[in-house]
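A short write-up of the structure that comes next.
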Amino acid sequence: QCGQRFAQRANLLEHGRRHTGERPHRCPQCHRSFRHRSALLRHRRAHAGERPFPCAHCGRRYSRSSNLLLHQRVH
Numbered sequence: 001q002c003g004q005r006f007a008q009r010a011n012l013l014e015h016g017r018r019h020t021g022e023r024p025h026r027c028p029q030c031h032r033s034f035r036h037r038s039a040l041l042r043h044r045r046a047h048a049g050e051r052p053f054p055c056a057h058c059g060r061r062y063s064r065s066s067n068l069l070l071h072q073r074v075h
């Protein structure tokens, strides 16, 4: 569709979802859908209450490393 080329077929199929809107990875708890499996796994941490990214300064924990990085700016 867009002419972008990929060395691996799996990458082409994953990219194609951007054009088709397909979101095959569904959360079994809230039924929200995602294009990428990694996004679903990140989302499921919220349901599980997982917060594997602690701040070294104050101990506050985050479910996403990007949120920890934003928080660290206050220290």
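Numbering follows UniProt numbering, with no gaps: position 9 of the sequence shown is 9. Glycine included, C-beta positions come from ideal geometry on N, C-alpha and C. None of the values given here were measured: they were computed from a predicted structure.
Option in the options with minimal Cα separation from residue i
i	options	result
H19	Q4, H31, P28 and R32	Q4
P28	R61, C55 and L41	L41
A56	V74, A39 and H31	V74
L12	C30, H36, R26 and H25	H36
Beta bridge counterpart(s) of residue i as assigned by DSSP
i	result
P24	Answer by DSSP bridge pairing: none, since P24 is not bridged.
Whole-angstrom C-beta distance between residue j and residue i, which should lie under 8 Å
i	j	result
S63	A46	6 Å
R44	F53	Their Cβ separation, rounded to whole angstroms, is 15 Å, which puts R44 and F53 out of contact at 8 Å.
R23	S33	4 Å
query = Which runs of the alpha helix (DSSP H), 4 residues or longer, sit entirely within the stretch 18-67?
reply = 37-48
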